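In the working numbering, the protein residues as written are 169 to 383.
Here a beta-carbon is modelled for each residue, glycine too, at the ideal position from N, C-alpha and C.
Source: prediction; values computed, not measured.
For reference, the structure discussed in these notes is given below.
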Ligand code: DX5
Ligand code: ZN
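Written out as structure tokens, the structure is:
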């Protein structure tokens, strides 16, 4: 099932409620949490996610680009996030953490930076609801899609198909009307788009267009 998750990193942070109102057709809201340690940038944390939870009925897809994921990720699940993504590079015990998130009623998702291989994690795919393959170095919106990730997407899709296809494959970074075609062709089904959605005059229209291109 094709899903479009707009990233509010490209929205107007001073008007988040109104900005959420411009993406009513989204499948979920992608929220980028950055701590200035795991990535060089700093964005928002638990209090702002709590406010966003109250401001929208859309599912929340929380992308944690933070250290100490084992400690922090469950707190986002507790706030009512439908899905919490931690980075493999920031988790001490990814299997235990994924089980904890699922135990809290959230979807468990794990992200890999561009240079992190997927192969060491294939045996734990059954612990995950979603695998996020970063298509830029995490930290900033508006970067160029990395085509070198396409083979990794294909290998991950093959592996999820082999095990019954229950794991969503998300891509994040540089997704637009052109790159979404290549990512979808490689096997991604869940697409984060920040600048491509929020730089459009009508973000909801951009979501519809991206969904039809990918589907
Ligand atoms: C980058 C973030 C992305 C970002 C994507 O580290 O994880 O979610 O918002 O922005 P675009 O779609 O502009 O590349
Ligand atoms: Zn993200």
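- Short note on residue 360: C-beta closer than 7 angstroms to some heavy atom of the ligand ZN.
- Apart from sequence neighbours up to five positions away, the residues of its chain that approach residue 344 with a beta-carbon distance below 6 angstroms are 364, ordered along the chain.
- Between the alpha carbons of residue 227 and residue 195 lies a gap of roughly 7 angstroms.
- Annotation: the continuous beta strand (DSSP E) that includes residue 253 extends over 251-255.
- According to DSSP, residue pairing for residue 275 in a beta bridge involves 251.
- Residue 358: member of the beta strand (DSSP E) spanning 358-361, first to last residue.
- In this structure, the CA atom of residue 362 is about 12 angstroms from the CA atom of residue 180.
- Ranked by Cα distance from residue 178, the options 380, 341 and 347 are led by 341.
- For residue 335, the three-state secondary structure derived from DSSP is coil.
- Taking 8 angstroms as the upper bound for CB-CB distance, residue 351 and residue 339 are in contact here, some 5 angstroms apart.
- Annotation for residue 230: the continuous beta strand (DSSP E) segment containing it runs 228-233.
- Taken from the Cβ of residue 231, at least one heavy atom of the ligand DX5 lies inside 7 angstroms.
- For residue 382, the enclosing alpha helix (DSSP H) covers residues 371-382.
- If you look at residue 238, you'll find it in the alpha helix (DSSP H) that goes 237-246.
- In this structure residue 358 is in contact with residue 336, their Cβ atoms being roughly 5 angstroms apart against a cut-off of 8 angstroms.
- Residue 172 is bridged by DSSP to 359.
- Straight-line measurement puts the Cα of residue 333 at about 32 angstroms from the Cα of residue 214.
- Rounded to the nearest angstrom, the gap between the Cα atoms of residue 360 and residue 270 is 22 angstroms.
- For residue 200, the CB falls within less than 7 angstroms of some heavy atom of the ligand ZN.
- Relative to the non-hydrogen atoms of the ligand DX5, the Cβ of residue 308 comes within a distance shorter than 7 angstroms of at least one.
- Residue 202 is bridged by DSSP to 233.
- Excluding residues up to 5 positions away in sequence, 223 lie with their Cβ nearer than 7 angstroms to the Cβ of residue 185 in the same chain.
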